[in-house]
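A short worksheet on the structure shown next.
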Amino acid sequence: MKEAPLVEHLEELRARILWSLLAWAVGTGVAWTFRVPLLDWLKRPLDLAAKQYGIAVNLIVLDITEPFLVSLKVAAFGGLVLALPFIVYQVWAFIAPGLYEHEKRLAVPFLLGAGFSFALGALFAYYAFLPFAVPFLLGFLGDVVTPQISIGRYMGQILMMLTVMGVVFEMPVVSYLLARLGILTSAFLARNWRIAVVLLLTLAAFITPTVDVVSLFIVSGPLLVLYWVSVLVARLAERQRPQEAA
């Protein structure tokens, strides 16, 4: 490991951030060409809920800039998903010079695991949670009124849910990496499980747009499972460290 002056570290950090932003911009440009199919895909939970109750649901715009801003937001989300492996690589490339050779071999598994976990979390939110949450919210209306929902607010809520769940599903991957690097221990995670439960329940309540117990359980249940999976993978990583040191 070769030490570099602070100025060089800052210059490299700046370059990594700029490359990451550029990759995000390119990914956003690519996703922009598919913005209409993406909008239809994100709108599908609402359509299915409307069909379930036999009502018509209209997405409306509240000002002339909203169609463009919503399209840009959806394209930016798609661009982030496309650029995520490259962005994670930039983070890894920044810290890699300070690692040993056996630690650098974690790069490929970490990149693949991070991308897969984020996608899995977003898909879980879309296919497992939203089909319950959206009908639950629409169910309060009955057939008394026709819902007129702002497309900007709807898409913002859906994208926030997908993003947060994607990030949260990174827990096992990050725990494994930190344990392999000797930064985190499974004992620490197991010892502080009560604090983790409180934090995860708070997070679940924050990202759950409904107030019913069922929706809260659908979100918090997998989060708690992921935490204990993180404990197990951290323990597995600790067992592999002595073999590498040898």
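Residue numbers (this note's numbering): 14 to 259. C-beta: ideal position from N, C-alpha, C; glycine also. It should be emphasised that the depicted structure is a prediction, and the values quoted were computed from it without experimental measurement.
Hey, residue i and residue j: beta-carbon distance below 9 Å or not?
i       : j       : result
Val-70  : Leu-59  : yes
Val-177 : Ala-127 : no
Ala-260 : Phe-99  : Nothing can be reported for residue 260, as the shown portion of the chain is limited to 14 through 259.
Ala-233 : Leu-214 : Note on identity: in this sequence residue 233 is Ser, with Ala being the wrong assignment. Going by C-beta atoms, Ser-233 is nearer than 9 Å to Leu-214.
Glu-116 : Ala-192 : no
Leu-236 : Val-181 : yes
Ser-84  : Leu-52  : yes
Met-168 : Val-242 : no
Leu-4   : Leu-216 : This structure cannot settle anything about residue 4, because the visible part of the chain is limited to 14 through 259.
Gly-40  : Ala-96  : yes
Leu-26  : Phe-107 : yes
Gly-195 : Arg-254 : yes
Ala-203 : Leu-175 : no
Val-227 : Phe-145 : yes
Leu-143 : Ile-171 : yes
Pro-160 : Ile-68  : yes
State buried or exposed for residue i, treating a residue as buried only when at least 16 other CB atoms are found within 10 Å of its CB.
i       : result
Ile-164 : buried
Glu-183 : buried
Val-147 : buried
Met-14  : Its pLDDT being 48, under 50, Met-14 is placed unreliably by the model, and the measurement read from it follows with that caveat. Per the 10 Å Cβ criterion, exposed.
Gly-179 : buried
Ala-28  : exposed
Gly-42  : exposed
Leu-197 : buried
Ala-218 : exposed
Tyr-140 : exposed
Gly-92  : buried
Ala-259 : Legend: pLDDT at Ala-259 = 49, less than 50; position of this residue unreliable, no value from coordinates given.
Ile-231 : buried
Ile-208 : exposed
Phe-201 : exposed
Leu-150 : buried
Leu-260 : This structure cannot speak to residue 260, because the chain is shown only from 14 to 259.
Leu-19  : exposed
Phe-123 : buried
Pro-239 : At residue 239 the sequence reads Leu, which differs from the Pro that was named. Classification of Leu-239: buried, given that the 10 Å Cβ count is 16 or more.
Asn-205 : exposed
Can you give me the start and stop residues for the alpha helix (DSSP H) that residue i sits inside?
i       : result
Leu-31  : 19-45
Ile-68  : Looking at the DSSP string, Ile-68 is not in any alpha helix (DSSP H), and its letter there is neither H nor E.
Ile-162 : Unbroken run through Ile-162 is the beta strand (DSSP E), 161-163; no alpha helix (DSSP H).
Phe-201 : 199-204
Val-187 : 184-193
Gly-126 : 120-137
Ala-141 : From DSSP, Ala-141 is part of no alpha helix (DSSP H); its letter is neither H nor E.
Phe-81  : 79-108
Looking at residue i and the ligand SAH, is the gap between the Cβ and the nearest heavy atom below 8 Å?
i       : result
Val-147 : The ligand SAH is not among the ligands present in this structure, which contains no ligands whatsoever.
Could you tell me whether any Cβ in chain B is nearer than 9 Å to the Cβ of residue i?
i       : result
Val-147 : Among the chains of the structure shown, chain B does not appear; only one protein chain is present.
Could you check whether the stretch 119-137 touches the stretch 61-68, counting it as contact only if at least three pairs of C-beta atoms, one from each stretch, sit closer than 8 Å?
no
With contact counted as at least three CB pairs below 8 Å, one residue from each stretch, are the stretch 25-37 and the stretch 100-119 in contact?
Between the stretch 25-37 and the stretch 100-119 there are three or more inter-stretch CB-CB distances shorter than 8 Å, so the stretches are counted as touching.
Quick check: the stretch 111-121 against the stretch 73-81, are there 3 or more CB pairs under 8 Å?
no
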